[in-house]
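*Asks:* If you count by this note's numbering, then the sequence shown holds residues 1325 to 1755, one letter each, in order.
Ideal Cβ placement from N, Cα and C applies to all residues, glycine included.
Small disclaimer: the values here were computed from a predicted structure and weren't measured.
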Amino acid sequence: MRTLDFYESTAVNLIRTIEQTQERVERQRQERSDAVEHALVDFAGAYKELFIQAADDAATDANVLVNVLFSLSTQISTAKAQAQKEQQRLDDLAEWEQRQPLWDAFTAGGASAGLNPFVAHGVPIVDRWMNKPSETPITPPTITANFEPRGRIRTSGGSSEDTSSARPNLLRGFVATSQSCNRILDEELSTLQSAWSAFRTTCSWVTVDSFTLLNGFADYLVECETDAQWIYYIADAFEVAGGVGLLDSVLNGMAASALVPAMSDPQLLKRLDQEQLAKLFESSPALANQLHLIDPVTINEWWHGLTPGDSGQQNTVVHALPQIFGNLEGIPYAARATAVGGCAPGDIFALQDEERQRRADREVIPGADKYKVGAVGGCAPGDSLELMQVENDRAEQREIIPGDSYFPNHPPEDTEADEGDADIQPSEQID
1325 MRTLDFYEST
1335 AVNLIRTIEQ
1345 TQERVERQRQ
1355 ERSDAVEHAL
1365 VDFAGAYKEL
1375 FIQAADDAAT
1385 DANVLVNVLF
1395 SLSTQISTAK
1405 AQAQKEQQRL
1415 DDLAEWEQRQ
1425 PLWDAFTAGG
1435 ASAGLNPFVA
1445 HGVPIVDRWM
1455 NKPSETPITP
1465 PTITANFEPR
1475 GRIRTSGGSS
1485 EDTSSARPNL
1495 LRGFVATSQS
1505 CNRILDEELS
1515 TLQSAWSAFR
1525 TTCSWVTVDS
1535 FTLLNGFADY
1545 LVECETDAQW
1555 IYYIADAFEV
1565 AGGVGLLDSV
1575 LNGMAASALV
1585 PAMSDPQLLK
1595 RLDQEQLAKL
1605 FESSPALANQ
1615 LHLIDPVTIN
1625 EWWHGLTPGD
1635 SGQQNTVVHA
1645 LPQIFGNLEG
1655 IPYAARATAV
1665 GGCAPGDIFA
1675 LQDEERQRRA
1685 DREVIPGADK
1695 YKVGAVGGCA
1705 PGDSLELMQV
1715 ENDRAEQREI
1725 IPGDSYFPNH
1735 PPEDTEADEG
1745 DADIQPSEQI
1755 D
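#1: In whole angstroms, give me the CA-to-CA distance for ALA1559 and ARG1474.
#2: Measuring only the C-alpha atoms, how far is THR1479 from GLU1361?
#3: Under three-state DSSP, which class holds GLU1410?
#4: From the DSSP secondary-structure annotation, give me the bridge partner or partners of VAL1532.
#5: Please report the Cβ distance between ARG1348 and ALA1383, rounded to the nearest whole angstrom; I am assuming they are in contact, meaning their Cβ atoms lie under 8 angstroms.
#6: Pick out whichever of ILE1508, ARG1423 and LEU1545 has its Cα sitting closest to the Cα of PHE1471.
#7: When the Cα of PRO1590 is compared with those of LEU1617, ALA1580 and LEU1570, which residue comes out closest?
#8: Would you check if there are 3 or more beta carbon pairs closer than 8 angstroms linking the region 1529 to 1539 to the region 1484 to 1497?
#9: Using only the alpha-carbon positions, how far apart do ALA1522 and TRP1627 sit?
#10: Would you kindly work out how many angstroms separate the C-alpha atoms of GLU1373 and GLY1482, rounded to a whole number?
#11: From which residue to which residue does the alpha helix (DSSP H) around GLY1566 run?
#12: Would you say SER1489 faces chain B, with C-beta separation under 9 angstroms as the test?
#13: Residues in its own chain within less than 7 angstroms of ASP1381 by CB, not counting five upstream and five downstream?
#14: Closest to VAL1564 by CA distance: which of ASP1634, LEU1538 and ASN1493 is it?
#15: Would you check if the region 1511 to 1525 and the region 1332 to 1348 touch, i.e. whether three or more CB-CB distances between them fall below 8 angstroms?
#16: Quick one: grab the DSSP three-state call for ALA1490.
#17: Is DSSP giving VAL1697 helix, strand or coil here?
#18: CB ALA1490 to CB TYR1371, shorter than 9 angstroms?
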């Protein structure tokens, strides 16, 4: 009898994933450490000290991350054991309630009523049925897993006359190792996110108090990638200088170009299922532009990988930043309308301008000539659209996100930029 919302297979998979991630983080920490030692040969000056400090911070973060992962694994194991006890209690109580009427009938009728129905192999088991199992539920365990990486200092604050020197090829060796480690851990983070999502979906009996591990893990990778990008620029500067020392003020100028948060498209999309969206885009406004440059097909696949519903991830991202997601091509039409409906009127006008500009500038999506747009029910605002693939004389219904945005409070004005779309009728081919 399964009455408890806790599935051991999902919990076991999460524990296995956590342990694997923990092992990989430890291994990558050692590889980074070896690369740092190699890069320090002939490295001198303030930038050497900055590099050492950044490497120490990365190593400390890795150790903290490993400890948090170990703690999470232990908590999940404990929750699994508690869930087994609670399930056993529920099963015993259900069985007792089912057999108790038989026991009452037997005791009321006396021995002449027949054989004791609660005798197994001639041994009475009266105590088991006279003692009702506990009706007090086991309190679900609460899981906490918090992690936040350290910030790095990557520019020198010393005298403008101070110099640093290094061997560019050795610095590039560190960059190569670091980027390789980052790619491996990025895959681990993706696997961990999937395992955690499955656990939360199927094991909701467990409560979660505070959980910043996944966000912190992603931030840690961003810091590590920025370290690699930073040293890459510094190595270039030393190479141009021909191996001689460079003024730290010159290196500070080079470093500034490298300190934009280094986040790939997949890393950015992974961050978007979390609850720190406003903080993320506030810290780096350029990420909003990067998001709009991602292929709409990729955006659509990402969107459908989020959990739906009022308390789901889709609802979180739409309401967190409606100004961004209201005009993001790749997100379903209805969700974009919901986002825009939550904007202030001034924001809506700004969104209209942004949409028109993107539509005027964007490139034709490869393969678009294979599709036709068909309207459902006359294509009133809020209706769904269907994409009909015309190939080999048969159509396959698929979802599409229309190029036009829906602004319920202020419909877009007719402009020259919109005239090309105004003539498109249902079932006409997209150019």
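*Replies:* The short version:
#1: Rounded to whole angstroms, the gap between the alpha carbons of ALA1559 and ARG1474 is 24 angstroms.
#2: Looking at the two C-alpha atoms, the distance is approximately 20 angstroms.
#3: Of the three classes helix, strand and coil, the one that applies to GLU1410 here is helix, per DSSP.
#4: As computed with DSSP, VAL1532 is found in a beta bridge with ILE1467.
#5: At roughly 15 angstroms, the Cβ-Cβ gap does not stay under 8 angstroms, so ARG1348 and ALA1383 are not in contact.
#6: Nearest Cα to PHE1471 within the set ILE1508, ARG1423 and LEU1545: LEU1545.
#7: That would be LEU1617, whose Cα lies nearest to the Cα of PRO1590.
#8: When C-beta atoms of the region 1529 to 1539 are compared with those of the region 1484 to 1497, fewer than three pairs fall below 8 angstroms, so the two segments do not count as touching.
#9: Approximately 17 angstroms between the Cα atoms of the pair.
#10: Straight-line spacing of the CA atoms in GLU1373 and GLY1482 works out to 12 angstroms.
#11: For GLY1566, there is no enclosing alpha helix (DSSP H), as DSSP marks it with neither H nor E.
#12: Here chain B cannot be found, since the structure has a single protein chain.
#13: Answer for ASP1381: ARG1474 and ARG1476, listed in chain order.
#14: The candidate whose alpha carbon is nearest that of VAL1564 is ASN1493.
#15: Yes: the two stretches touch, three or more of their Cβ pairs being nearer than 8 angstroms.
#16: DSSP places ALA1490 in coil when its eight states are reduced to three.
#17: The pLDDT assigned to VAL1697 is 34, lower than 50, so where the model puts this residue is not dependable, and the model offers no usable value.
#18: Taking 9 angstroms as the cut-off, the Cβ atoms of ALA1490 and TYR1371 count as close.
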